[in-house]
Amino acid sequence: AGFVAATYLRGVPLIQIPTTLLAQVDSSIGGKVAIDHGQLKNKIGAFYQPKLVITDIATLKTLDTKTLIDGLAEVIKYAVIRDKELLTYIEGNLDKIKSLD
Numbered sequence: 001a002g003f004v005a006a007t008y009l010r011g012v013p014l015i016q017i018p019t020t021l022l023a024q025v026d027s028s029i030g031g032k033v034a035i036d037h038g039q040l041k042n043k044i045g046a047f048y049q050p051k052l053v054i055t056d057i058a059t060l061k062t063l064d065t066k067t068l069i070d071g072l073a074e075v076i077k078y079a080v081i082r083d084k085e086l087l088t089y090i091e092g093n094l095d096k097i098k099s100l101d
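Just so we're aligned, residue 1 is where the sequence shown starts under full-length UniProt numbering, counting upward by one.
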């Protein structure tokens, strides 16, 4: 959807409603939109920020542990890069975060 929004009529408003933690992080920070071409993954793309990202953290309770951890790894990556306070919070509350408490 992001690639279509970026390229149709030179860009139309995009609203994203991600339902996994990884998608929520990518939607709010990333801005990279792409499509696969043949055997190539994400080789045709653009940088295009959504006008709005709607997240419902209740959807996270539907995720299996692996999917939740995939998203948490992305959060940790950003914390390491940009936010020491967030990283400290994650370190001190990892069990509560993993249990969605």
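Don't be surprised by glycine CBs; every beta carbon is placed ideally from N, CA and C.
Rounded Cβ spacing between residue i and residue j (contact assumed at less than 8 Å)
i, j, result
"P13", "K51", "4 Å"
"I29", "G45", "No, I29 and G45 are not in contact; Cβ-Cβ is about 16 Å, not under 8 Å."
"E74", "V25", "5 Å"
"T67", "T20", "6 Å"
"L22", "D70", "5 Å"
Between the CA atoms of residue j and residue i - distance to the nearest angstrom
i, j, result
"D56", "Y48", "22 Å"
"L100", "G92", "14 Å"
"K41", "I90", "32 Å"
"S72", "T59", "For the record, residue 72 in the displayed sequence is Leu; it is not Ser. Using only the alpha carbons, I get a separation of about 15 Å."
"G2", "I15", "9 Å"
"I76", "K43", "26 Å"
"H37", "L94", "38 Å"
"R10", "S27", "20 Å"
Beta-carbon proximity check, residue i vs residue j, cutoff 9 Å
i, j, result
"V53", "I17", "yes"
"V33", "A79", "no"
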